[in-house]
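Protein chains in written order, with the numbering used here: chain A, 2 to 490; chain B, 2 to 490; chain C, 2 to 490; chain D, 2 to 490.
We treat Cβ as the ideally placed atom computed from N, Cα and C, and that holds for glycine.
Note that the coordinates shown come from a computational prediction; the quantities given were computed from them, not determined experimentally.
To start, the structure under review is shown below, and the notes come after it.
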C-alpha cells in the first residue's frame, strides 16, 4: 500500500497565511490532504498529478448559487455544478426558498428541505450546501431546527420582495413569495431568531443572514419613469433600479441588524453608492459583523458592453456603469468586499426572450470564478494571488462554516484544489462553460487564466476542458465539524 | 394724534441677537413695533402697558398644530388658538391633509385648501398658517401652485402611514389615507418636487418637508407582541412603537433626502435613539439642511407618570421613559434640536375611552408652550431665556418663512409679544388651558412661569387668565413678505 | 434740552439677529444708543447725521492688532488707530508681550502693563484693549490678577517662538523672548492657569488663549532647504513656513487644550491645510470652545500677486497661494472661521529693505477691515451683510468680552457705528489708509465699499476721508460690564 | 541517510491561517521545515522530538530589544538572547543608536554598524537583527545604504529626546544624543528619507519608522510638579510622564507621517489615552500604514503592584494604572495593537539603586514573551492561540521583513519553534529568566504556560529550563530573501 493515494508534485501552492506561492508537493489520502512537503516522490502515491510548476489554489467556494431556480433541481444540480468545476470551484452554496420558482410551493422546511436534498443527492459534481430563506412567519420557528439539526447556518431575506416579484413584472409580491407577511417586521423577527441561534450555537461557527439590498417601493417609482425614456433595455433596467436603492437598503439593513445584533452578509453589491454605504454603516455600527459580496459580472460587465446583445444580461441588481465597476474593484482592493461569487442561475433563453419586463433575471457564471479574478484581477489590476484565494475560497468558507475543511490547502483539509494555467487566454463561449444555458452575457470576453485541472476530495474531476469523473458531490452539513487536525483514526 | 398707538414700558425684553434682557420701552403703531428705546413716556401713546420690569418675549410660534383633526375646523380654530394665547403663542402653523380625519375626503388642494381657509377665517385668536401633506400622486403636481400662489412652503409625509392608520387600529392604510400609492416611491417623488420648488422659489424663503418618523412594518410586529405582556396601556403603547422605529425612519429619511436634495424637518422626536440617529445622519450628510423638533410632552412626561390615568396620553410617537426625556433635554441644550412645539390636537374624551387600540392619539398642549420651557427648562435646568425664545419662537419662524415679521422683537416686526410672570406657579388643570379638551395629560403637573399678558399685532388679546379681545387671527401667507425695515407707507 | 444728542436718520442698519438691513433712525444720548425707531425727527436731537439710505454697521472690532511692536507705543497708538477709523473699526485689541520688540524688556506685567496703558492713554482714536502674552514662568502667576483686576481676559502663546525669533533670522529664541522656558511645558501650564481663571471668573465673560500656530522646528528645516531654490522671496517665505506646520500646530493645540480644558482662538489661519485641521480637531474634541480667525491679507493676497513688489508682504504666517485663499473663503462661508482681523503691525520700510531673512514681518491693514469684506466678500462672492458684521464686529466682540456694548447696534450699546458707501470703489494707496506706514502690500488693489463716516461713542470721528475729531479712545477694561439694558442713571 | 534531520511528532501546531491547532508532525531538514504531515514516523529522521500532544508555536520574534544598552554588546548578546529562548523567542530585533549608552559614541553607521555586528557575531542564542536610529543629520544620508546594503529596514526616532536624556535626569539632550539637531525637523527629514527608501526598495518588503511617543517639554513640566507630591516612586514616575504626553506625541506622529507618507510603528504604548489616540489618527489618516506595539510589562504590571519593591520597574513610558492595563488588553482583542514585545534592556541593580531620578530606566522581560500572553492572555482572558502567535511572532515578522522565513510554521520556513506546556505554572524569579539581570519587576508573579523546548533552525537549543546548545544565532539581514517555497537545491 502506498503512503498516499495521490500526490500533487511540482505545485506552486497558495497555502493559508502566506503571500507567495510555495513550491511543495501535496500528499493526499482518503480524500484529505495528508502532507505538504518540499518534496514527495511520485512513487509514494498510487497516482501522481504533476502540477508542472503551476499555481495550485484551494477549490473555489461559490457561495451564491441558485440550483433549481428556473429548472428542476435535479437538472441544475448536475449540469450547473459541472460548470463550477470549469472555474475551479469545488463547493457551491445554493439559495433555496419556498414561493414561486424553485419548487413553486410553500410549506415547512422540515418537509421541503429533505426533498430538495433528495433531488440534489448523487447528482452534483461539487460539494453543495444550502442557504435558506424563511418566507413565512411559520418558517421563522424552523430556524432553530435548521441550525441545530439540518446543517444550515446561513439565511436570506430579499429586501425588494416587499412589493415586487423577481422579474419586477408584477407588484403582487405576496402571490410571488407565497408569504403571509414579507416585510421589515418579518425581517426583524427573522434577525432576532438568527441572532438567538448564533448565541446558542455560535461556538460551532458563524450563523448569519444574507440580504438582497434593493428597495421595491423606489423601484416601482423608477420603473414607471424609465419606460418612456427610450433607452437600451439594460440601461433602462439599471435606471429602473438605481444604485441609491441599494444605498437605502444597506442603511436600513444596518439599523435593523444593529438592533437585532445579527451577523449579516450584504449580497452582490453592484455600485459605487453601495460601496460607500457599506463604509458608512461599518462606521456607524463598528461592533456589527458585516460582510460584503460582489459578483463576477458586476466586476466585469457594463450595460454599455451588453448593448444590442439582448436580455441575457438582465439581473438583479442590474449591470451598472463603468464607474461602478471601478468602485467595486477599489473595494476589492481596499478590503471593503470580502468575497466574490457568481450568483449563478441557469436561465434559459426561453425565459429571457425580447421583452425587458417579463424577462427573467439572472444567468450563469460559476465557470468564471477563478478565471475572472485572474484575468480582470491579477493580469489587469495586479490583484495578488493570496487575495484571489481569499475572495473566491477562504473568505466565503469562513463566513459560512466550511473553513478550514474547505477553503484551505492544509493538512487535514479536504483535498479540493485546482491547478491554474495562468497564461491561458480564451474567448468566452457558452460551450466553454459546461452549463445548460445556451448563451452567456460574457460571450466574446477574453479571459486569461483558467483551471487546467480540478480535484474534489482527492479525485480529479475536471481536466483540460473535460469532465472526467462521475458526480460525487456531497451535502455540506454546516458547520463542517471535521477539523484539519483530526486526521486518521 | 399720539406718536404710538401703544407703548409697553418697563420691559425686560428679549431682543434678537442679545443674550440678556434689555430694559426698554416698546412703541407700537399700526400693529407693528415702531420703536425700541431706553424710555418712552406713556404720554406718547394712546395706550400704555406697564410690563413692570417683567420679561417680554416675542409671541410664540407653535409650528406643530392640528386644527380640525378630530372636530370641525371652525370649532378648533376658535377654541384651540385661544388656548395658544395662554401659552404665549401668537402664531400657529397647523398640519392639514386629505384622507380620513380633518375633512374626511380627498381631492385637489386647489379646491380643498380654500375651503379650509374659509372655515378658519375670522375664527382664530392667533395668526395661523398651514403645512400641507400631499397624499396622492395627483396632489404632487400641486406643490408648485401651493408654494408660488397659496402661501404654503412646508409639507409633510407620515412615514408610518405606509401600513397603519393613525390610531394603529387598522392596517388598511390606503383606506385611511385615501391615497393611490403612499409609500417611499411617493415620498421620494414628493421630495423631488419640493426640492425643485426650493430651487425655483427658495430665494423667497426656505421650502421644506416635515417627516413623521416611525416605521409601520415594525410597529405591526411589535403590536402583536406587546398585546400579551399585560403592561400598563401607555407603556404598552411605547413598546408597540419602540424608539428604534424612529431610528430606522430617520436613517431612511437621511438617505432619501440626501438623494433628492430636499430640506427636511424631523418632527416630534421622542427618544434617545432618535437623538442619536439625528447626529448620525447629520454626520453622514453634512450638506443637508436637517432641522429637528420635539414636543412639550416628550420633554415633560413619561409613561410612568401617566400610569393609571387613562388613555389621554396616547400619542404618536408615544410618551417614553425618563432616559428619553433626559436625552431630549440634552439635545435641547447642545443644539441638536431646533424648536419645540405642542403637536396640539384637541381630542375629546369620547375619542379616547378605555381601550388602548381604538383610542385616538394626540391631545392639546399649546397653552404650555412658554410655561413648560420656563418651568422644566429655565427653572429646573437653567435653560437661558434667549434659547427659550429661539426654541419657541424665532427658530420655527425662521424655518417656516415667518421671520422676522414673527419671532423677533424688532422695529418693523409685528407687535406680537407676551409678558411673563416668571415666578408664578400653577398646577395644570383643563380649565387653565382654555381648550375644548375636557382633560389633559399634564393634569396636576406644577408649572412655574406663565404669560400674564399676550399681545397680537399690537392688541392685548389675553390678560390675567382671560381672553380679552375678539378673534382677529389672520392667515399667514408664507413667506411673509413684510420685512421689519419696510415700515409705514 | 433735546431728547437725543445725536440722531442718525435714514439708516439701513444691520441690527443684531436680523438678516436684512432695517430702515430705522438711531437716537443717541451720552454716547450710547438710546432708541431705534422707524422714524426719529432731526428736531429731536442736537445734531443730525443723515445716512441717506446707506448701510449702517456697528463699529468694527479689529481684534488682532499690534500697537507699538516696531515703533513707540505712543506713536502707533495715535497714527494706527486713526487708520482703523478708515476701515470702520472703532475698537482694537492689541497684542502685547515682554521680550524683544514692543518695550524690549521683560518683567512683571503688574509693572509693565500700567506703563503701556499710560503710553496709550489719550492718544488712540478708537477704544482699545490688550491681549497679553505671558512669556516667563513668573508671569503665569499674574494671570489671575490680569483677569480679575486688570481688565485682560485673553492671552497669547506663539507656537513658533520655541526655536525662532519673529523674523526667522535667528534661532536664539530665548534671547528673543527673554523667557526662561518658552516651550510646550510653559504653554500647558499657561493653559491650566487660564482654564482656572475661566472657571473662577468666567461668569463675567469668556476667558481664552490665542495661539499663533506655526512650528519652529519644521520651519528651521525648510528655511535651509528653500534658500537654494532661487524662487521669488515671498514664495520662498511661503515654502519656508509651509502650511503643514500650521496643521501640526493646530493638532498640538487641540491635544493640549483638550487636556487643559481651555478655550482657544486659532489666530490668522492662512491655508487650506489649516482649515482642514480645524475641522479635524473640532471633530476630535467636540466639547472644546475653539474659535478661528483669519486676516484680511490672507483672504486677499497671494505671493504671486506680490511678486516683484519687494518684501512689504513678508508676514507670519506667510501670504499663500490662490487655493489657500479660496479655502479660507469657503471656511468663511461655511462657518469654520469666526472672525476676521487685520493683524495690523506698522512696519516701516527701513525694517523691510531688500533682504528676505532679516526683514521684519508684518504690515498694516486695519483701514481695510470692512472694505475688504465688502469688496472681496460681498461684491465678489455674495457674502451677506449680516455675516460681514459678525466677522468684523459682533463675533470678536463676543469672543473677547465686549459684546453687546461693542459689536451690536442695540439700545444701551455704545454708539459706535460706520456708514457705508457700498459702491464707492478706490484703488488702495498708502495715503488712503491714514497709517504711518509708507507702503502697503495692498497697493493698487481695487476695493469697492468704504466707510463714509465713522462714529465712536456718539461722536463723528471720521468723515469723507478725514479725521474730524481729536483722539478720544478709551481703554476697554474687559469684560465690559455695562450691558445694553443698563441705560441712564 | 534519513529523509529528515529531525521530526517533531505529535504536535498540536499553530499553522498560519488556521484558528485551531493542527495535529501534525513536522519534518525538518537543513534547518528548515521540509514537511508538515498528518504522520511522519520517527524512523524517517535522525532525531525525533515528541511534542506529546502539546502546542507547537513558531518561534517568537521579540522585536523590541536592547542589546548592549547598558552593558557591552558582547555580554548582552550572549546572556540576554539566552533569556529569549526561555520565553520561546528565536529571533530578536534590537534597537541600536549612536550617542550616550550603547557604544557611547557617534559617527557614521557605515563604520559603527559593522563593529556592532562583529561584537554580536557568534554570541547570540537567537537570530538577531537591528533597528537603527539616525541621530545626526549626516546619518540621514546613510538610510539608503542601510536599506539597500546593510539589511536594515526599520528605523527609530525618540520623541522625548528633544529635551531629556534617557533617565530624565538631565535636560542636556544634545550631549546625550551627540546630535546636531534632534528635533521635529530632523524627524521629518528622516521620515522623508525612509518614505523615499520605501518607494525605491519597498517591493522587497516594508520599510518603516518606529516612534517612541513621549513629549519631553511636558515631562519636564511634570517632573517639577511631582517631586513635591510625596508619592511612591513609580507612581511619581507615572505622573511625571502622564499618558497625555503619549497622546500628544501620537497626534504629532500622525501629522508628520501623513505629510511624509512614511510607514510608522508606534512603540510600547502604555495607556488608555494612547490607545484612544491611535484610533483617532487611524481615522484621520486612513491611508497611513500605522502599526502599534505594546509590551509585556504594560500588559501585566501596575505601579501599585510594584509599590515598595524599589526602582526595578522604572521604565519609559512608565508602568501605569489598572485602567491602562485594561485598555491595552481591549486594544489587543479589538485589533488596535498589532504586536507585543519585551522592550528588553538588561539594567543591572547598580544602575537602579535608590534614587528615582538618576536610576536608569528599563529591565528585562524577553523570557516572558509567550508565557505572559498565555497566562494573562489565554488563561485569564480567553485570548485565542492564533492571536497569540500573531502578536508574538507573525505580526512583528511581517512588519519587519522576516515573514514567512520567521513567524510561520510552513514548509520552507526556518524551523524555529517552541513546544508549550500550557498548564505549567511558575512564580517568576530572576533565575528562571536566564538573564544577567539580578532582579525582575515580575518577581513573584504567577505565570501559567511556559515553553518546554525551543528550537532554532532545527536545533533544540533550550529544553526543560536548560540551555542545551552553543550560541548559533545569525544576523537577520532584512528583508529575509529566502521564501518558504525556495527549498533545497
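Excluding five sequence neighbours on each side, which residues of the same chain lie with their C-beta closer than 7 Å to the C-beta of residue i?
{"i": "residue 88 of chain D", "result": "61, 367, 368, 369, 370, 371, 372 and 452"}
{"i": "residue 345 of chain B", "result": "63, 66, 67, 81, 365, 366 and 367"}
{"i": "residue 224 of chain C", "result": "169 and 241"}
{"i": "residue 3 of chain B", "result": "45, 46 and 47"}
{"i": "residue 111 of chain B", "result": "143 and 146"}
{"i": "residue 447 of chain B", "result": "426 and 428"}
{"i": "residue 396 of chain D", "result": "339 and 340"}
By DSSP's criteria, residue i is part of a beta bridge. Which residues make up the other side?
{"i": "residue 58 of chain A", "result": "A:419"}
{"i": "residue 157 of chain B", "result": "B:211"}
{"i": "residue 432 of chain A", "result": "In DSSP, residue 432 of chain A forms no bridge with anything."}
{"i": "residue 96 of chain B", "result": "B:132"}
{"i": "residue 454 of chain D", "result": "D:420 and D:464"}
{"i": "residue 67 of chain D", "result": "D:346"}
Taking 8 Å as the threshold (beta carbon to beta carbon), is residue i in contact with chain E?
{"i": "residue 19 of chain C", "result": "Included in the structure are the protein chains A, B, C and D, with no chain E among them."}
Are the beta-carbon atoms belonging to residue i and residue j less than 8 Å from one another?
{"i": "residue 161 of chain C", "j": "residue 257 of chain C", "result": "no"}
{"i": "residue 165 of chain B", "j": "residue 221 of chain B", "result": "yes"}
Within 7 Å: the Cβ of residue i and any heavy atom of the ligand NAD?
{"i": "residue 310 of chain D", "result": "With respect to small molecules bound, the structure shown includes none, and the ligand NAD cannot be examined in it."}
Closer than 6 Å by C-beta to residue i: which residues in its own chain qualify, once you throw out the five before and the five after it? Chain order, please.
{"i": "residue 128 of chain D", "result": "92, 474, 475 and 477"}
{"i": "residue 196 of chain A", "result": "261, 262 and 263"}
{"i": "residue 219 of chain B", "result": "246"}
{"i": "residue 159 of chain C", "result": "213"}
Using 8 Å as the threshold, is the segment 237-251 of chain B in touch with the segment 294-302 of chain B, meaning 3 or more CB pairs across them? no
Using 8 Å as the Cβ pair cut-off and three pairs as the minimum, do the segment 382-389 of chain A and the segment 397-416 of chain A touch? no
At which residue ranges does the segment 108-137 of chain C contain complete alpha helix (DSSP H) runs of 4 or more residues, listed in the order of the chain? 110-121
For the pair the segment 94-102 of chain A and the segment 132-140 of chain A, tell me if three or more CB-CB distances fall below 8 Å. yes
Report the residue ranges of all beta strand (DSSP E) runs contained in full by the segment 314-346 of chain A; include only those spanning at least 3 residues, in chain order. 340-342
Please give the ranges of any beta strand (DSSP E) in the segment 243-278 of chain C, keeping only runs that are unbroken, at least 3 residues long and fully inside the region. 264-267
Taking 8 Å as the threshold, find out whether the segment 32-41 of chain A comes into contact with the segment 72-79 of chain A through three or more Cβ pairs. no
Tell me, please, whether the segment 193-213 of chain C touches the segment 226-238 of chain D by the rule of three or more beta-carbon pairs shorter than 8 Å. no
Report the start-end ranges of each alpha helix (DSSP H) in the segment 157-186 of chain D that is 4 residues or longer and not cut off at the edges. 174-178
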